[in-house]
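Novice: Here you go, one structure.
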Amino acid sequence: MMLRSSWRRLALPQVPPPAPRPGRRRAGSDAGAAGAPRYEVVVIGGGHAGTEAAAAAARGGARTLLLTHRIDTIGAMSCNPSFGGIGKGQLMREVDALDGLCGRVCDRSGVHYKVLNRCKGPAVWGLRAQIDRRLYKEHMQKEILNTPLLTVREASVEDLLLTEPETDRPGKCRVTGVVLGDGSTVHAGSVILTTGTFLRGMVLIGLEMHPAGRLGDQPAIGLAQTLEKLGFTMGRLKTGTPPRLTKDTIDFSGLEERVADNPPVPFSFLSEAVWIKVMLMAIDCCRYCPSFESKVLRFPNREHQVWLEPEGLESNVIYPQGMSMTLPPELQEQVIKSIPGLEKAKILQPGYGVQYDFLDPRQLTASLESRLVQRLFLAGQINGTTGYEEAAAQGVIAGINACLRVHGKPPFVISRTEGYIGVLIDDLTTLGTNEPYRMFTSRVEFRMSLRPDNADARLTHRGFEEAGCVSQQRYEQAVKMKAALEDGIATLKSLQFSISKWSQLLPEVSISSSRRSPVSAFDILRYPEANMELLARAVPEPLGKLAEWRQLAERLKIEVAYEWCVVNQQQEIEEVRRDEALRLPEDIDYFAIDASLSTEVREKLDCNRPQTIGAVSRIPGITPAAIVNLLRYVKTNHQKSEMPKALPQTGRYLPGKMYSEKATSERQISAEFSEEEPEHTFVKTPL
Amino acid sequence: MAGLAGSLPGLRPAEPGEFTRRAFRRGKLDLTAAEGLGDLIRAETEAQRRQALRQMEGELGRLYQRWSETLTQALAHLEAYIDFSEDDNVEEEVLSRVDATVRALEQEIGAHLQDGRRGELVRGGVHAVIAGPPNVGKSSLLNLLCQRPAAIVSPVAGTTRDVVEVALNVGGYPLVLSDTAGLRDATDPVEQEGVTRARDRVQQADLVLAVLDATAVLPEPVGMEAALGSLLPPTTATPCILVLNKADLLRGGEETLLRDTCAQGGSPTALLSCKTGEGLDQLLALLAQQLARLCGDPLAGSPSLTQSRHSLHLGACVAALARYGRERDLALAAERLRLARRHLGRITGHVGAEDVLDIIFRDFCVGK
């Protein structure tokens, strides 16, 4: 119910709200209606990208359909039984800040929380947890099947419905719906592809190969052929998963145990605490040195480590993280048995590899819409990434933008200067990838400003105001926290004493300053050994109330520690933003333009299709001179045409437009309230 | 021939610097090499020519490139430690190796910066200022050295108001010589301004030629030092040559006495008569000796810093490296290295995140 509040708030009084239809909604209900069913957004795939995309589109107010082969695999964690990690935890916090699902669902399914990099500074902390597979799937399905405006249907998608493109933007055609396995069609305003490893998926165990998207699931072949025929540049990637072991056949006695954090740090800004009270689980680590597969081929003489991760609270399955392999099952057994502690381990399911098609993500815009086929969005492994978190992050962005596109609103793009999500999508759409792309903190230029603790301050207001995908409750909570932080920093700065007074108040902190002038509590909090609790004990008034709110106290400490760095980065962030504001024309023909550019540079520009000068500067092999020459060319030749391409023209983009004159004029009066207006349109469509 | 070529369609004379610009744009020359070529064209003395040639051949660029590679690798190892040490196989020793590399690099770049701006001096010329009380013959000295009447001379004290500058080649080293107003408490506002400018010039000079009237100084070391002290700012470490002019007016005994005193004094001293030219050779020898000391041999040792742009970024780089060691928070420490690399990148070119990741995956067993 909380999710509904954001779009409901915006509804104009004369528009009747659509009848809420909670619970599982199947296509069966559409069967009696005349013509093909019509949705604003259709999502293909129910994995980590698909669920986030469908839920985000529905939160934004789009009537959404999620198509999946099997409803009971929605929310399946096909690989590791954990979420988060270094860089990935940051992505999850950002997904959560946009009201995404995975953080909240994890906090109801986590069984062992551990923040990685605890001793390396809060900017690079990696929030991570072992997740109970069964619980995660259960909670995710409950969430998806109860999301208002979201319908879920079991079907395979064989083809796309296409029509003439909109003429005001590049693209050779426009998608208007999908063709299902049974030959029936579904019409859609936007389509999101999140097919993961299913495009011509091929499972490999040893030398055996058979077509499958995941062990036991059918691949998508028709769709892959459609995409190929449309002219998408496609590539092939391989990923793998380790064998699963039986827990009671493992000898844990000689292994190192990794103890869970107490108290655990939740993923979601909404979670005060996680559901689990007592951590019973343990992850164990053993080191091994056998020589096998690529790791060992590249680094033969080193010790490698394996994490033995439980798959759930009541599960007897162990996931040996770090042992991904596609050897024949007999050899897998030999390798496993050579590891200390695993001498008697029994393999439940052998490790296997999956080969699958991915689409070169440089064919996408920063809103994850395809340049070739208008209104077709792509998210997740289909774009060449690996990891649940990377998939979820793209899913949210694709869902938001598919919805905004149908509603005729400008795209929602997160810049590299605003979030890990921005870095992820900019890297993919500008540089492409030739191996599964994974998030690292080292990819992020402004790591000190883009921290897990402040994702809500960076993104929640934008998600609420521009994308309409954030609930009122979350928005208000973020606003409250932001105000409390600003207030707290002001209080800390204004509280000043002499050095000797501070030393007397806080003997625990070794204050090393010869300054004569008074020193503020803000300066004192910078010392590594100082924290809000100590300060509040020393000066209860006015600091006591700041320390009482635990999250606030922790965040104040982090803000203070990084203040100089964030201030220093501001100037650089401005530089990057200026470059990003210099947009390049979408239809520029790099081979034809009259600028002093080498053939090599022209080829690179044509291949990467950068959208801004900032993106040009990140393409490897583009010289500073080329950037200057390109900039000069664009400034002299394209200044006039820069303006109109920012926003799509509203009102003439939906097939069979059914606006009353009244609705159209209302839209013009209240442009920012136009979200419910297509609602209005769709009330009349046979659903 | 040139006229004939010019009449052919599509042919035109190259614009100044056009070939260099083309070579730079096509990536045939890096920025330091292009800067070196520019210097070579402008070189007027032997030392400048040798230094520019060395830079154009890329020696300075190679030195900076090596530092850039060392720094990028240190950063990559630190980034690997941050991104992978808890999950994958990045050993704890990595951190201490990075610390050692950063310390060594900090010292090396620091030493390079401490070379007394030799390269810059060769490139831009050593700025020497003639300073002294009014009417001791400062302008006459300038005219004598440049062998033409560049400055107006008259017997009236306070003739020179503004700064007069000439460029000279002394023993192959470039010298920019400035004549300044005589230092005294002037009452005339124009002369006052001239005196202020003279004092500013002395502050900024690489070398000072302090001129005194030989007949007016006491022939004792103490007296001479006192006279010098009134000319130079008290804390300055600027090298100085003391020129005692009007030696032709000295009587025999005085001259001998003065020569003895000069030999005992702290600063190199020349006894000169601008009128007769006597003592000029000795002064030139002293000048050349000072210039050689300031500029060094452009062919010996490591290539010198030639541009203040370089020294600015290297200075900021060293400062960031120094702070690296003081950070307890590893993310902040990495930020210092990123900053140091960005400054070095302003000289050698940009290094992107992908380059760092390439090193991480080459050197460590990490990843999925």
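From first to last, the protein sequence lines stand for chains A and B. Position 370 of the first sequence, counted from 1, bears residue number 370 in the numbering used here, the numbering being contiguous throughout. Position 118 of the second sequence, counted from 1, bears residue number 118 in the numbering used here, the numbering being contiguous throughout. Built from N, CA and C at the ideal position, the CB exists for glycine as well.
1. Taking C-beta pairs closer than 7 Å, name the residues in chain B that residue 441 of chain A reaches, listed in chain order.
2. Would you report the Cα separation of residue 580 of chain A and residue 342 of chain B, rounded to the nearest angstrom?
3. Helix, strand or coil for residue 491 of chain A, going by three-state DSSP, please let me know.
4. Rounded to whole angstroms, what is the Cα-Cα separation between residue 240 of chain A and residue 157 of chain A?
5. Please identify, using Cβ separations under 7 Å, the residues of the region 322–343 of chain B that lie next to chain A, in order along the chain.
6. Where does residue 336 of chain B sit, in a helix, a strand or coil, going by DSSP?
7. Beta-carbon of residue 117 of chain A versus every beta-carbon of chain B: anything under 8 Å?
8. Is there a C-beta anywhere in chain B that falls below 8 Å from the one on residue 290 of chain A?
9. DSSP state of residue 619 of chain A, grouped into three classes?
10. DSSP puts residue 234 of chain A in a beta bridge; with which residues?
11. Less than 8 Å between the C-beta atoms of residue 552 of chain A and residue 488 of chain A, yes or no?
12. Taking the C-alpha atoms as reference points, what is the distance between residue 238 of chain A and residue 354 of chain A?
13. Assess, as a yes-or-no matter, whether the region 158–174 of chain A is touched by the region 590–597 of chain A under the definition of 3 or more beta carbon pairs within less than 8 Å.
14. Three-state secondary structure (DSSP) at residue 96 of chain A?
15. For residue 92 of chain B, return the contacting residues in chain A, with the cut-off set at a CB-CB distance below 8 Å.
16. Where does residue 190 of chain A sit, in a helix, a strand or coil, going by DSSP?
17. Identify which residue in A:550, A:617, A:554 and A:601 has its Cα closest to the Cα of residue 576 of chain A.
18. Quick check: what's the CA-CA separation for residue 492 of chain A versus residue 520 of chain A?
19. Taking 8 Å as the threshold (beta carbon to beta carbon), is residue 10 of chain B in contact with chain A?
20. Within 10 angstroms of its Cβ, does residue 102 of chain A collect 16 or more other Cβ (buried), or is it exposed?
21. Check the Cβ-Cβ distances between residue 217 of chain B and every residue of chain A, and say whether any is below 8 Å.
22. In whole angstroms, what separates the C-alpha of residue 111 of chain A from that of residue 187 of chain A?
23. When the Cα atoms are used, what is the spatial distance from residue 21 of chain A to residue 340 of chain A?
24. With burial defined as no fewer than 16 other Cβ atoms inside 10 Å of the residue's Cβ, what is the status of residue 564 of chain A: buried or exposed?
25. When you compare only the Cα positions, how much space is there between residue 276 of chain B and residue 294 of chain B?
26. Taking 8 Å as the cut-off, decide whether the C-beta atoms of residue 469 of chain A and residue 41 of chain A are in contact.
27. If distances are taken between C-alpha atoms only, which option among A:65, A:48 and A:474 comes closest to residue 386 of chain A?
28. Between residue 90 of chain B and residue 80 of chain B, what straight-line distance do the alpha-carbon atoms span, to the nearest angstrom?
29. Residue 79 of chain B CB to nearest chain A CB: under 8 Å?
30. Roughly how many angstroms separate the alpha carbons of residue 457 of chain A and residue 95 of chain A, rounded to a whole number?
31. Determine the contact status of residue 202 of chain B and residue 208 of chain B, defining contact as a CB-CB distance below 8 Å.
32. Can you find a C-beta in chain A that's less than 8 Å from the C-beta of residue 69 of chain B?
33. Could you spell out the range, first to last residue, of the beta strand (DSSP E) harbouring residue 126 of chain B?
34. Consider the Cβ of residue 264 of chain A: report whether some Cβ of chain B lies at a distance smaller than 8 Å.
35. Specify whether the region 143–158 of chain A and the region 65–73 of chain A touch according to this definition: at least 3 beta carbon pairs, one from each stretch, less than 8 Å apart.
36. Can you find a C-beta in chain A that's less than 8 Å from the C-beta of residue 357 of chain B?
Specialist: Looking at the atomic coordinates:
1. Result: 82 and 83.
2. Cα to Cα, residue 580 of chain A sits roughly 19 Å from residue 342 of chain B.
3. Correct three-state label for residue 491 of chain A: helix.
4. Residue 240 of chain A and residue 157 of chain A have their alpha carbons spaced roughly 25 Å apart.
5. Against chain A - using a Cβ distance shorter than 7 Å - the residues of the region 322–343 of chain B are 328, 329, 330, 331, 332 and 335.
6. Residue 336 of chain B: helix per DSSP, three-state reduction.
7. With a threshold of 8 Å between beta carbons, residue 117 of chain A makes contact with chain B.
8. Residue placement at residue 290 of chain A is flagged as unreliable, the pLDDT there being 38, under the threshold of 50; the coordinate-derived value follows with that caveat. Chain B, which has no Cβ nearer than 8 Å to the Cβ of residue 290 of chain A, makes this no.
9. Note: residue 619 of chain A maps to coil in three-state DSSP.
10. Answer is A:359, bridged to residue 234 of chain A.
11. In this structure, residue 552 of chain A places its C-beta atom within 8 Å of the C-beta atom of residue 488 of chain A.
12. Taking the straight line joining both Cα atoms gives about 6 Å.
13. Flag = no, the region 590–597 of chain A and the region 158–174 of chain A do not touch.
14. Three-state result, residue 96 of chain A: helix.
15. Chain A residues near residue 92 of chain B: none, gap ~11 Å exceeds 8 Å.
16. In this structure, residue 190 of chain A counts as strand in the three-state DSSP scheme.
17. Residue nearest to residue 576 of chain A within the set A:550, A:617, A:554 and A:601 is A:617 (criterion: CA-CA distance).
18. The straight-line gap from Cα to Cα measures roughly 7 Å.
19. No, its Cβ sits nowhere closer than 8 Å to a Cβ of chain A.
20. Residue 102 of chain A is buried by the Cβ-count criterion.
21. Closer than 8 Å: no.
22. In a straight line, the C-alpha of residue 111 of chain A is about 42 Å away from that of residue 187 of chain A.
23. With a pLDDT of only 42 at residue 21 of chain A, under 50, the local geometry of the prediction cannot be trusted, and the value read off the model is given with reservation. If you draw a straight line from the Cα of residue 21 of chain A to the Cα of residue 340 of chain A, it comes to about 54 Å.
24. The residue is exposed, with fewer than 16 neighbouring Cβ atoms inside 10 Å.
25. In this structure, the CA atom of residue 276 of chain B is about 30 Å from the CA atom of residue 294 of chain B.
26. With respect to the 8 Å criterion, residue 469 of chain A and residue 41 of chain A are not classified as neighbours on the basis of their beta carbons.
27. The shortest Cα separation from residue 386 of chain A among A:65, A:48 and A:474 belongs to A:48.
28. The straight-line gap from Cα to Cα measures roughly 7 Å.
29. Nearest CB-CB separation between residue 79 of chain B and chain A: below the 8 Å threshold.
30. C-alpha separation (whole angstroms): 13 Å.
31. In this structure, residue 202 of chain B lies near residue 208 of chain B, with their beta-carbon atoms less than 8 Å apart.
32. With 8 Å as the cut-off, residue 69 of chain B does not count as an interface residue toward chain A.
33. Going by DSSP, residue 126 of chain B is part of the beta strand (DSSP E) stretching over 126–131.
34. It does not; no Cβ of chain B falls within 8 Å.
35. In short, these stretches touch, since the Cβ pair count reaches three.
36. Answer yes: the Cβ-Cβ gap between residue 357 of chain B and chain A drops below 8 Å somewhere.
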